[in-house]
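Residue numbers (this note's numbering), protein chains in the order written: chain C, 2 to 380; chain W, 2 to 380.
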């Protein structure tokens with residue numbers, strides 16, 4: 002297999018009651034599949050394993066191609082690969098699809114082993130900690146003793162933070178990017194409205210929808226979310242008030258503006274690759290994310306177990322997870338005398354900057370990982 | 002009738018082809034009703050008439066009560082009334098429901114005189130300039146020669162700006178508050194998503210819905226818009242991550258958070274008083290609003306006809322119509338050597354501040370109007 006080709010793998014666990022995955026809601030998940038991909042080789046000293054966490058709509062396919070004629074590469078291919086910022090000639094990179102997802106790991110559109118039918122809305126409501134607990138099983142399966150780093154943007158960053166608190170001995174560092182230690186009421190509110198659009202969709206059938214049915218509700222949820230991923234400035238630069246098809250207004254309700262056309266396309270395309278039920282479960286998991294909750298809202302206290310080094314990155318125009326939220330995290334870590342590097346990157350791209358500012362981010366990550374590995378090997 | 006009681010009035014025009022209201026879309030509107038209310042008396046010298054413009058979901062009932070046992074007063078009752086900031090003992094205040102609305106003026110749920118049936122989606126797509134053109138007819142009907150001022154927040158401010166350009170000789174001043182000279186692509190995008198929720202609602206029936214049918218789509222549109230009226234900070238202060246009914250998460254998709262409960266309530270309540278079709282038409286009118294369009298995007302050039310004085314007010318935490326948009330307007334007016342006062346009010350209330358910062362705003366408006374009237378009377 003050539004360097005830039007990758008094969009998705011499956012790790013199945015939890016067949017027995019004892020082996021089942023315990024969830025925060027109190028239920029257990031049986032016969033759990035984790036879809037994952039790996040890049041590069043685990044070094045003999047085991048110091049080069051990096052876990053990449055995907056965001057809400059991402060998947061395990063973070064780099065390379067599955068087949069030579071694939072039109073698209075993995076979602077962070079500019080960042081990760083042979084000779085790239087996160088150099089897979091040097092590091093052993095792992096990325097897995099979250100549970101609750103719809104890209105290979107067990108989620109609401111998987112078969113419920115108890116009924117032989119799709120879970121749909123019988124799937125248990127999961128949390129970010131549940132996702133991480135499943136990844137911990139994958140770590141054991143892959144015989145990784147300690148991650149050199151856990152890297153993630155947005156919801157991926159939430160998972161990275163959760164790892165650092167729940168398994169403080171299992172990583173040298175974490176890199177939370179464009180993320181937050183607890184979802185804000187504004188973000189909860191946007192999630193709520195998106196979910197209401199799905200729940201109200203007459204094609205959704207209480208989650209028991211048929212493949213092929215148009216999922217207009219999901220498309221609306223995605224269009225709404227998309228606005229929160231951009232910034233006022235980037236939308237001005239990208240679309241302005243430009244009209245799409247005609248030099249003048251249609252005086253109708255079809256799309257007139259380029260921005261409307263863009264949203265329509267993004268919403269439609271999303272329904273072709275994503276599951277409405279997964280969208281409900283994953284957004285709910287982010288709503289529930291608040292690492293300070295167990296410490297009565299005291300973020301520093303909640304972060305006390307943490308032992309690893311941090312590289313925290315935010316983006317100036319990100320208004321979904323604004324820099325101030327990263328600063329709250331950094332202040333709490335510093336209060337605990339943790340080792341933290343922090344950078345607020347100046348960017349007009351809004352929340353999406355974590356996927357677009359590859360060069361700026363790549364150099365930081367590359368240097369940080371190199372230094373971390375040197376330090377580990379020097380011990 | 003006591004001072005704080007007011008009777009809604011109707012002004013019907015456009016019965017004949019010649020008298021019909023010409024619209025920007027090229028069509029004409031016949032048998033147009035304008036629902037309006039007036040407060041105070043027009044002074045013998047005619048220098049005390051103030052036109053108040055309502056925002057998207059507002060109406061003509063801006064002050065006082067219709068009956069002594071009304072639970073609520075008009076939507077800007079704290080600002081306007083006898084002895085209040087906009088003192089109706091001193092000023093003659095007029096407020097009318099916009100055409101396209103659903104609070105008495107002709108809109109999509111009015112009878113189409115050509116068919117004898119509800120217009121619904123046969124109602125023509127209107128613009129802010131069309132709304133203003135209808136108000137101009139009302140002005141003639143009321144025998145007002147010149148407005149002392151035209152005052153409006155949000156979409157009301159758009160109407161005020163449109164007046165200043167289209168009828169520059171008919172007002173001494175305008176007070177555009179928390180508004181913009183052209184809707185941004187971000188605001189167009191939010192409107193688009195809100196409308197898609199209405200269009201996708203299986204109860205909406207292409208606009209031919211029955212009274213009493215639940216309008217879930219409208220509720221979703223309203224919930225979404227509501228988030229844009231608040232600020233991140235005000236949502237943190239008002240809701241935080243507080244749970245509504247239970248000390249712990251439900252692990253379900255019903256409302257858990259106070260902010261979810263608030264949105265659900267606001268969305269539901271809105272469907273009881275507003276029309277889904279009006280929502281489509283009025284948001285479209287705001288999308289189309291760009292006073293610079295006729296001058297190829299040159300705001301100063303577009304504002305050249307303007308003769309009146311301006312008091313422009315923005316709010317620091319308003320991210321729907323941010324202060325920078327008011328500043329663009331002010332700069333363009335100054336370039337034209339117009340008389341402009343500008344204030345960015347420090348407030349955490351977001352866009353809603355124009356309805357909540359009554360004292361700060363009231364003092365400014367009161368002083369400004371007083372000075373304007375003194376100047377007029379001194380001529």
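All C-beta atoms in this analysis are idealised placements derived from N, C-alpha and C, irrespective of residue type, glycine included. Keep in mind the model is a prediction, meaning the values are calculated, not measured.
C-alpha gap between residue 182(C) and residue 376(W), whole angstroms = Indexing the first chain from 1 puts residue 182(C) at position 181. Indexing the second chain from 1 puts residue 376(W) at position 375. Cα to Cα, the separation comes out at about 57 Å.
Considering only residues of the same chain and omitting the five flanking positions on each side of residue 13(C), which have a CB-CB separation below 6 Å?
-> Position 12 of the first chain holds residue 13(C). Once the five neighbours on either side are set aside, the close Cβ partners of residue 13(C) are 34.
Using a beta-carbon distance cut-off of less than 8 Å, what residues from the stretch 31-42 of chain W approach chain C?
-> If the cut-off is 8 Å between Cβ atoms, the stretch 31-42 of chain W has nothing near chain C.
Does the Cβ of residue 53(W) have 16 or more other Cβ atoms within 10 Å, making it buried, or fewer, making it exposed?
-> Residue mapping note: residue 53(W) aligns to position 52 of the second chain, counting from 1. Buried, because 16 or more other Cβ atoms sit within 10 Å of the Cβ of residue 53(W).
Kindly indicate if chain C contains any beta-carbon less than 7 Å away from that of residue 286(W).
-> In the second chain, residue 286(W) corresponds to position 285, counting from 1. Look at residue 286(W): its C-beta is not under 7 Å from any C-beta on chain C.
Of the residues 364(W), 109(W), 82(W), 320(W), the one placed nearest residue 179(W), counting alpha carbons only | On the second chain, residue 179(W) is found 178 positions in, with the first residue counted as 1. With distances taken between CA atoms, residue 179(W) lies nearest to 320(W) out of 364(W), 109(W), 82(W), 320(W).
Assign residue 102(C) to buried or exposed, taking buried as 16 or more other Cβ atoms, counted over all protein chains shown, within 10 Å of its Cβ.
-> Within the first chain, residue 102(C) is the residue found at index 101, counting from 1. The residue is buried, with at least 16 neighbouring Cβ atoms inside 10 Å.
Chain C contact for residue 187(W) (CB, 7 Å cutoff) = Stepping through the second chain from its first residue, residue 187(W) is reached at position 186. At a cut-off of 7 Å between beta carbons, residue 187(W) contacts chain C.
Beta-carbon spacing of residue 198(C), residue 100(W) below 7 Å = Locating residue 198(C) in the first chain gives position 197, counting from the first residue. Locating residue 100(W) in the second chain gives position 99, counting from the first residue. Taking 7 Å as the Cβ cut-off, residue 198(C) and residue 100(W) do not qualify as a contacting pair.
Own chain partners of residue 168(W) with C-beta closer than 7 Å, once the 5 adjacent residues on each side are dropped = Here residue 168(W) refers to the residue found at position 167 when the second chain is read from its first residue. The beta carbon of residue 168(W) sits closer than 7 Å to those of 137, all from its chain and outside the five residues before and after it, given in chain order.
3-residue-minimum beta strand (DSSP E) runs that sit fully inside the stretch 42-68 of chain W, ordered along the chain = Counting only unbroken stretches of 3 or more residues, the beta strand (DSSP E) elements lying wholly within the stretch 42-68 of chain W are 50-54, in sequence order.
Secondary structure of residue 82(W), DSSP reduced to three states = As a position in the second chain, residue 82(W) is number 81, starting the count at 1. In the three-state reduction of the DSSP assignment, residue 82(W) falls in the strand class, which pools E and B.
What number of angstroms, rounded off, separates the C-alpha of residue 273(W) from the C-alpha of residue 370(C)?
-> The residue labelled residue 273(W) in the question sits at position 272 within the second chain. The residue labelled residue 370(C) in the question sits at position 369 within the first chain. Residue 273(W) and residue 370(C): Cα-Cα distance of roughly 57 Å.
Neighbour-count burial assignment, residue 155(W), 16 or more Cβ in a 10 Å radius | Taking the first residue of the second chain as position 1, residue 155(W) is located at position 154. Per the 10 Å Cβ criterion, buried.
From the DSSP output, in three-state form, read off residue 276(W) for me.
-> By one-based count along the second chain, residue 276(W) stands at place 275. In this structure, residue 276(W) counts as coil in the three-state DSSP scheme.
Which residue's Cα is closest to the Cα of residue 201(C): 192(W), 187(W), 15(W), 219(W)?
-> Residue numbering aside, residue 201(C) sits at position 200 when the first chain is read from its first letter. When only C-alpha atoms are compared, the closest one is 219(W).
What does residue 289(W) touch in chain C if you count any residue whose Cβ is under 7 Å from its own?
-> Translated into positions along the second chain, residue 289(W) becomes position 288. Here the neighbours are 250.
Residues, ordered as in the chain, of the stretch 175-207 of chain W that lie near chain C by beta-carbon distance below 8 Å = For the stretch 175-207 of chain W, which is checked against every Cβ of chain C, the residues closer than 8 Å are 183, 184, 185, 186, 187, 189, 190, 191, 193, 194, 196, 197, 198, 200, 201, 202, 203.
Taking just the CA atoms, how far does residue 360(C) sit from residue 3(C)?
-> To locate residue 3(C), count along the first chain from 1; it is residue 2. To locate residue 360(C), count along the first chain from 1; it is residue 359. Low confidence applies here, because residue 3(C) scores a pLDDT of 46, under 50, leaving its location unreliable; read the following figure in that light. Counting only the Cα atoms, residue 360(C) lies some 25 Å from residue 3(C).
Where the beta strand (DSSP E) containing residue 154(C) begins and where it ends = Stepping through the first chain from its first residue, residue 154(C) is reached at position 153. According to the DSSP assignment, residue 154(C) belongs to the beta strand (DSSP E) that extends over 150-154.
Residue 1(W): contacting residues in chain C (beta-carbon distance under 7 Å) = Lying outside 2 to 380, the shown extent of chain W, residue 1(W) is not represented and no answer is given.
Closer than 7 Å, Cβ to Cβ, to anything on chain W: give me those residues from the stretch 264-284 of chain C, in chain order.
-> Within the stretch 264-284 of chain C, the qualifying residues are 264, 281.
Kindly indicate if chain C contains any beta-carbon less than 7 Å away from that of residue 12(W).
-> Along the second chain, read from residue 1 onward, the residue named residue 12(W) stands at position 11. No, because no Cβ of chain C sits closer than 7 Å to the Cβ of residue 12(W).
Should residue 258(C) be flagged as near chain W, meaning a C-beta pair shorter than 7 Å?
-> Translated into the one-based positions of the first chain, residue 258(C) becomes position 257. Under the 7 Å criterion on CB atoms, residue 258(C) is classed as interfacial with respect to chain W.
Using a Cβ cut-off of 7 Å, which residues of the stretch 232-248 of chain W contact any Cβ in chain C, in chain order?
-> So the close ones are 233, 236, 237, 240, 241, 242.
Give the range of the alpha helix (DSSP H) segment to which residue 377(C) is assigned.
-> Locating residue 377(C) in the first chain gives position 376, where the first residue counts as 1. Looking at the DSSP string, the run of the alpha helix (DSSP H) that includes residue 377(C) is 359-379.
Please name the residue or residues paired with residue 291(C) in a DSSP beta bridge.
-> Here the question's residue 291(C) lines up with position 290 in the first chain. Per DSSP, 183(C).
Distance, Cα to Cα, residue 66(C) vs residue 73(C)?
-> Looking up residue 66(C) in the first chain gives position 65. Looking up residue 73(C) in the first chain gives position 72. The straight-line gap from Cα to Cα measures roughly 7 Å.
Is the stretch 39-58 of chain C touching the stretch 89-98 of chain C, taking contact as three or more C-beta pairs under 8 Å?
-> Yes, the stretch 39-58 of chain C is in contact with the stretch 89-98 of chain C.
For the stretch 83-156 of chain C, which segments carrying the beta strand (DSSP E) assignment without a break, of at least 3 residues, lie completely within its bounds, in sequence order?
-> Fully contained in the stretch 83-156 of chain C are the following beta strand (DSSP E) runs of length 3 or more, in chain order: 93-97, 150-154.
Output the distance between the C-alpha atoms of residue 271(W) and residue 255(W), rounded to the nearest integer angstrom.
-> The sequence position of residue 271(W) within the second chain is 270, counting from 1. The sequence position of residue 255(W) within the second chain is 254, counting from 1. For residue 271(W) and residue 255(W), the distance between alpha carbons rounds to 20 Å.
Do we get a CB-CB distance below 7 Å when we pair residue 103(C) with the residues of chain W?
-> Taking the first chain and counting its residues from 1, one reaches residue 103(C) at position 102. Not closer than 7 Å to any Cβ of chain W, the Cβ of residue 103(C) fails to qualify, so no.
For the beta strand (DSSP E) that residue 39(C) lies in, which residues bound it at each end?
-> Translated into the one-based positions of the first chain, residue 39(C) becomes position 38. Residues 33-40.
Is there contact between the stretch 185-195 of chain W and the stretch 229-244 of chain C, where contact requires at least three CB pairs shorter than 8 Å?
-> Flag = yes, the stretch 185-195 of chain W and the stretch 229-244 of chain C touch.
Does residue 217(C) get closer than 7 Å to chain W when you measure Cβ to Cβ?
-> Residue numbering aside, residue 217(C) sits at position 216 when the first chain is read from its first letter. With a threshold of 7 Å between beta carbons, residue 217(C) makes contact with chain W.
Going along the chain, which residues of its own chain have a beta-carbon closer than 7 Å to the beta-carbon of residue 26(C), five neighbours each way excluded?
-> Counted from its first residue, the first chain places residue 26(C) at position 25. Around residue 26(C): 125, 126.
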